[in-house]
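Quick notes on the structure that follows.
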Amino acid sequence: MAVPPDNWEPRIVGFLCNWCAYQGADLAGTSRMTYAPNVRIVRVMCTGRIDPTFVLKAFQSGADGVIVAGCHPGDCHYTEGNYNTMRRTALLRRLLSQMGIEPERFRLEWVSAGEGAKWAQIADEMAAAIKAKGPLAWWENVREA
Amino acid sequence: MAESENGSDEVKIGVYICHCGSNIAGTVDVEDLTAFAQEQGAVVVARNYKFLCSEPGQALIAKDIEELGLNRVVVAACSPRMHEPTFRHVCQSAGLNPYQLHMPNIREQCSWVHKNGATGKAKALVSAAISRAYYLEPLERREVLVTPAVLVVGGGIAGIQAALKVADAGHKVYLVEREPSIGGHMIQLDKTFPTLDCSACILTPRMAAVKAHPDIELMTYSEVVGVQGFVGNFRVTIRRKPRYVDESLCTGCGICQEKCPWTADSEFDCGLGQRKAIYTPFPQAVPNVPVIDPEHCVYIQKEGKCGACLKFCERGAIDFKQTEETVEVEVGAIIVATGYDLMDPSAISRLGYKRFPNVITSMEFERLCSATGPTGGHLVVNGKEPKSVAIIHCVGSRDQKYHTYCSRVCCMYGLKFSHLIKEKIEDAQVYEFYIDMRCYGKGFEEFYQRAASEGVTFIRGRPSQVTDFALNEGEKGKLVVTCENTLVGAVMRVPVDMVILCPAMEARPDAKEVARLFNLSQSADGFLLEKHAKLEPVATANDGIFVVGCAQGPKDIPDTVAQALAGAAEALALIDRGRVELEAATAFVNEAACSGCKVCVTLCPYSAITFSETEKLSHINEALCKGCGVCVAACPAGAIVARHFTDQQILAEVEALLVDARPATAAI
Amino acid sequence: MSYVYYPGCSLNGTARECEESIQAVMRALGVKWTELEDWNCCGAAVATGVSYLLSLALPARNLALSERAESDLVTGCSRCYMNLIRSQHYMQHNANLKDNVNAVLAETGVQYSGKARLRHLLDVIINDVGLDVVAERVTRPLDGLQVAAYYGCCQGMWTYAQFDSVEDPTCFDRLLATLGAEVVHYPLKTACCGGTLSMSKREVGSNLIGDLLLAAVAADADCIITACPLCMFNLNSFQNEAGKAKGTKFHIPVLFVTQLMGLAFSLPPKSVGLHRNMVPPDPLYKKIAAGAESSGEAVAAGPK
Amino acid sequence: MNAQVCLTPRSEPVQVMKDPLGNSFEFCYQCGLCTASCRTAYAMKYTPRQVMNLLQLGCADEAVASGSGLLCTACYSCTFRCPRGVAVTDMMAAIQRLNLARNQAHRDIRRFYRSFMRTVERHGRFHEVEFLARYFAPNPVLLVEEIRLGLSLLAKGKVNLNPPKMASRKAMAAMFRKAEEIEGRP
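Protein chains in written order, with my numbering: chain G, 1 to 145; chain A, 1001 to 1668; chain L, 2001 to 2304; chain F, 3001 to 3186.
The following block contains the structure:
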């Protein structure tokens, strides 16, 4: 694996639903919690809108990790969009592993509008985990496999 | 960048970066960010400004739209949940479709949460916003009429006040209450702080007014079980439990309750007193119509044995054939006032609740003090008048094992209790065990002074236990409260005859179901979440639904009433406008691409998608669609398009979000 | 279920009667275990006063040994149990700490991974063996014997958190009731006995012990039952000093829980080390015999 | 006023007081539940709550010197009940450690701790006879006080005269050294 430069910082794309996770991330801001700046957020109305190709596109464009975050199961603003996400994610995970993208690089999380601290913690954890893994080099993993 | 979709007019993007005073500019290098934005393709102008939401800030954008012919606007500022409506309005007023705006969030999700790296992240966010904005399309918003009626859920003081105010404005109100009577917790209280008004005396006229109001339809012993529709047009399903008493025939004479031979613990009196199997919870109940509790009614339990009430009711109002009913009502707005519960302090076993009969909760004390209570207002525990009483504050509040928050009312009602005890038993010793006295309201500090002047003893310290272990003769037969008197720095043992616990006010155990039913969020403490802590105190994430009173968090009666009236004002504003704009960001089916697989039909939570067997195509009813996009992501043919969240827009955003990443390897 | 048994230091010496009774009773209940090989001192209440790291590493070594044995680690000493679970808990929540502990453990050739399963003797008796099995084994019910169930503090706070209520544990009451004893209301059941203060700060230790004895006497208890060897030592050995502190004289037998179980199982008193108790438990024998007699009569009278 | 109790807030290095799980004294809001739950607080110069306050004020030296930490029996009642999740017991242990390391405690008490740890270091397990010999030798007055108890223990066969036989006892000393190397006492 290529050795990352010293100042390398992972780039992580977060797809957050408008009603819970995005509000949770906003709450982390209003509460002035400090967390790693590596996660960049894309707002969608519901995690159910997230087409697996969005995640693949993120990795293809140079993301080192992707987080999908939505309402807790049962709390979806659209009743059950997040259940669809859950099902889709299982398939997506398999696809990612076949492509040589390590499981740590993709996370599905439930963050409610009141869980600002949880969002900050997830962002920190994810940044630390990806930093430990180094830059994404899926093509290398695929070749090795 | 390439030409826009229709190829006719050139894309002209204006980028505006807000300093938000120092909120953004203190962390993000706004000049650098502006220069960066200026370099992006299709960007005609990039500016930064101290406060874009201010009038001159808005004018700046409007002027550029008009003079430079901008057709896309990117405002990098606070969360779009804050100011998207503001800047959409700016676009509209300058002649641009409001959906041609995009707002990257560089405050809540950038400058406020990062110490280092905020500028770099802001650049990525702005770059993504520009790319997304490039593909934005104008959308048309539709308007629908608002049903001029309001549903109020919960008949405590909050629900009563809200219902009366809406009805006084001449609109129909449905007031739904789960219990047999309205009145809520407030009607259980004896006196109210700091004025010492008799709680029932000030509340019962309001309850009677609800009953008498021609525009209020009161449904007690009923629960909301379903909510469909959207702001302005809700369809609500209400389940009415059988009372086994015909409300239209009953005169409330009370003979049935007199004759009923079966008793149960009275919920209203916190189990300190008894009620019959057919009962009104308290004498001033509204409606003054009893219910039969099927668990304790022998006629119901043993199929026809007893029937005393049947025999004695002269009006023939007893009706054991009643069954559960479901009614549907249509309303334009909903006010949720479902209240709170007191925590059960037996969870903190060291404080002795349920182990010693003379350890009681604050609500039990209210009932003991009340003239309508089980002792007729005589303060008696264990058959004796207590000569010394300990009042323990913060039981389960300000404690991360139970509830981190302060319950806000205990300090004041603790003082009220001291006063009431002193009033009833002149030579009683009263000890207030507190951590901090929080007497912040109007007349509160004065009341604190008054209690102190009446000889109440204040001990600053959280007691560790209530025990019956006596170390000396003086403690024998007493309860001993141990704590550190933190102002002295010494452990104290205080022998008393009675202990009153002030348990935390907590979200009701079914708050989660309520949140789900009305599609609301809960804050971390379990209470229902308002839209904005300061500026939208009663609105929620679900338009047209408002939350008031203790369902939103612990508060005292004046604050509850203020919120109730705020909720009424919100509902009235919505109804009086008469029309409401619907979400334009809905989905539609690209018929040419639809393969007719019907996957989308089953997925739609709003039944907005129908399948035409003749055309072999799916159709989306845009009045029902809420734009969640589940069908869009699921469509195997990619035939469904989510307006304002198109694949093209999102993919462009993702790609540009990673503008600073090393080029994706061409290895594959 | 396989167990390795960690006796701890005091059970080899000052708490020998506890050890004898534990072994005898567990044998009677059919529990098989082997002693944890090469175990070391858990640091007792002393290590924390000298080295934070050692206070975690000493217990961790025993946890690591039990992982190697792939068995549940059972201890009958509350202080050992507390030190073990504290070490486990801290390492679970702080990876850096765990690394440091493992660096120390490396000196003795073991490593702690986090898999160890720690069990308290009472937990094994009540939840693995079961009270129904205990009841079957009771041949001399302790009818009429009034006992104060003294849970002790570090048990209350750490041990019972694992299988009972922290603040108001009841497992002990249930076990003693199974033996036929009457458990009296003992308000100080989770109050601390003062631990090593009885040695290092005598006047404070005696005062705390005095309160415990006073409460038991006030509750009309015939004896105090404990599940902690240190409580056992303190309550037995310092009744004179405690009496002086409280201006009275104490003479109340204090038994380890398995000693009382042994009596109910009709095991010979010597086999459960009752002859070693500092306060001789003789008055109890009389009371149990009297109880057995009266119930014996009732049985004899029953069938007719 | 006694100069000793004229405290000046200053920021002393209190890092050693911080709990490894992050539940530190900063969270304390001085409700006194720790003290009220503590059976030995009455004998302390500063109650556990006051110790937390001294740490908050940056007056750790005063808390350490007070010897309050030596009275903690580590029953953990305070930690389990603390409404702010402060690991009070660990902080009491920290000031206890510092007090002993700074030789502020009475020499008998210091010897009590030292003798115990030395015995464990040598044998891997506690050995009463060796401990008592180490503890009592320099101060025979103590021995006189305890002789009655010692004799009756002996009579009941509760003193194990033979040293414990632990297989890896040699390695224990290495463990002690390694721990000291890593943390640098105290």
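C-beta: ideal position from N, C-alpha, C; glycine also. These numbers were taken from a predicted model, which means no experiment stands behind them.
Query                                                                                                                        : Result
Contact list for A/Gly-1461 against chain F, beta-carbon separation under 7 Å                                                : Cys-3031, Gly-3032 and Ala-3036
Beta-carbon proximity of A/Pro-1386 to A/Phe-1433, cut-off 8 Å                                                               : no
Outcome for A/Pro-1287 when other beta-carbon atoms lying within 10 angstroms are tallied against a minimum of 16            : buried
Below-8 Å beta-carbon distance, L/Val-2050 vs any chain F residue                                                            : yes
Bridge partner(s) assigned by DSSP for G/Gly-17                                                                              : This sequence places Cys at residue 17 of chain G; Gly is not what is there. Answer is G/Val-44.
Chain A contacts from the stretch 3035-3062 of chain F (Cβ-Cβ distance under 7 Å)                                            : Thr-3035, Ala-3036, Ser-3037, Ala-3041, Tyr-3042, Thr-3047, Arg-3049 and Gln-3050
Those runs of the beta strand (DSSP E) which lie wholly inside the stretch 1566-1645 of chain A and span at least 3 residues : 1579-1581, 1587-1589, 1609-1612, 1617-1620 and 1640-1642
Beta carbon of L/Leu-2142 nearer than 8 Å to that of L/Leu-2263                                                              : yes
The stretch 15-35 of chain G / the stretch 1104-1116 of chain A touching (three or more Cβ pairs under 8 Å)                  : yes
Beta-bridge partners of F/Asn-3162, as assigned by DSSP                                                                      : Note: F/Asn-3162 sits in no beta bridge, so no partner.
Cutoff 8 Å: A/Arg-1577 Cβ touching any chain L Cβ                                                                            : no
Supposed contact pair A/Gly-1376 and A/Cys-1369 - C-beta distance, whole angstroms, cut 8 Å                                  : So it is not a contact: roughly 10 Å between Cβ atoms.
Alpha carbon of A/Arg-1398 to alpha carbon of F/Pro-3083, nearest angstrom                                                   : 7 Å
With 16 other Cβ atoms within 10 Å as the buried cut-off, status of A/Gly-1069                                               : exposed
C-beta neighbour in chain A for L/Pro-2187, strict 8 Å                                                                       : yes
C-beta contact flag for A/Glu-1223 and A/Tyr-1174 at 8 Å                                                                     : no
Cβ-based burial, G/Trp-8 [other Cβ within 10 Å; buried from 16]                                                              : exposed
A/Ala-1308 versus A/Arg-1178, A/Ala-1277 and A/Val-1289, residue with shortest Cα-Cα distance                                : A/Ala-1277
Cβ-based neighbour list, G/Gln-23, same chain, cut-off 7 Å, excluding 5 preceding and 5 following                            : Ala-113
Rounded straight-line distance, which links the Cα of A/Leu-1657 to that of A/Ile-1650                                       : 10 Å
Sequence ranges, beta strand (DSSP E) only - wholly within the stretch 2206-2294 of chain L, length at least 3               : 2223-2226 and 2254-2256
Start-end ranges of the alpha helix (DSSP H) lying completely within the stretch 1350-1426 of chain A, minimum 4 residues    : 1362-1369 and 1410-1424
Chain A contacts from the stretch 23-36 of chain G (Cβ-Cβ distance under 9 Å)                                                : Gln-23, Ala-25, Asp-26, Leu-27, Ala-28, Gly-29, Thr-30, Ser-31, Arg-32, Met-33, Thr-34, Tyr-35 and Ala-36
Counted within 10 angstroms of its Cβ, other Cβ atoms place A/Pro-1374 as buried (16 or more) or exposed                     : buried
Below-8 Å beta-carbon distance, A/Thr-1467 vs any chain L residue                                                            : yes
Sheet register partners of L/Trp-2039 (DSSP bridge)                                                                          : According to DSSP, which records beta bridges pairwise, L/Trp-2039 is partnered with nothing at all.
Beta-carbon gap between A/Val-1166 and A/Leu-1574 smaller than 8 Å                                                           : no
Identified DSSP bridge partners for A/Ile-1292                                                                               : A/Ile-1278
Extent of the continuous alpha helix (DSSP H) run through L/His-2093                                                         : 2078-2093
Proximal residues to A/Lys-1531 (C-beta, below 8 Å), its chain only, five neighbours per side dropped                        : Ala-1539, Thr-1540 and Ala-1541
is_contact[L/Thr-2014, chain D] using C-beta, thresh 8 Å                                                                     : Considering every chain present, this structure includes no chain D. Its protein chains are G, A, L and F.
Cα-Cα separation, G/Asn-84 to G/Arg-105                                                                                      : 21 Å
Simplified DSSP assignment, three categories, for G/Trp-110                                                                  : strand
DSSP bridge partner residues for G/Ser-97 (one or two, in chain order)                                                       : According to DSSP, G/Ser-97 bridges with nothing at all.
Of the listed residues A/Cys-1594, A/Gly-1627 and A/Tyr-1606, nearest to A/Glu-1615 (C-alpha basis)                          : A/Cys-1594
Residue from A/Asp-1543, A/His-1419 and A/Ile-1609 whose Cα sits closest to the Cα of A/Ser-1453                             : A/His-1419
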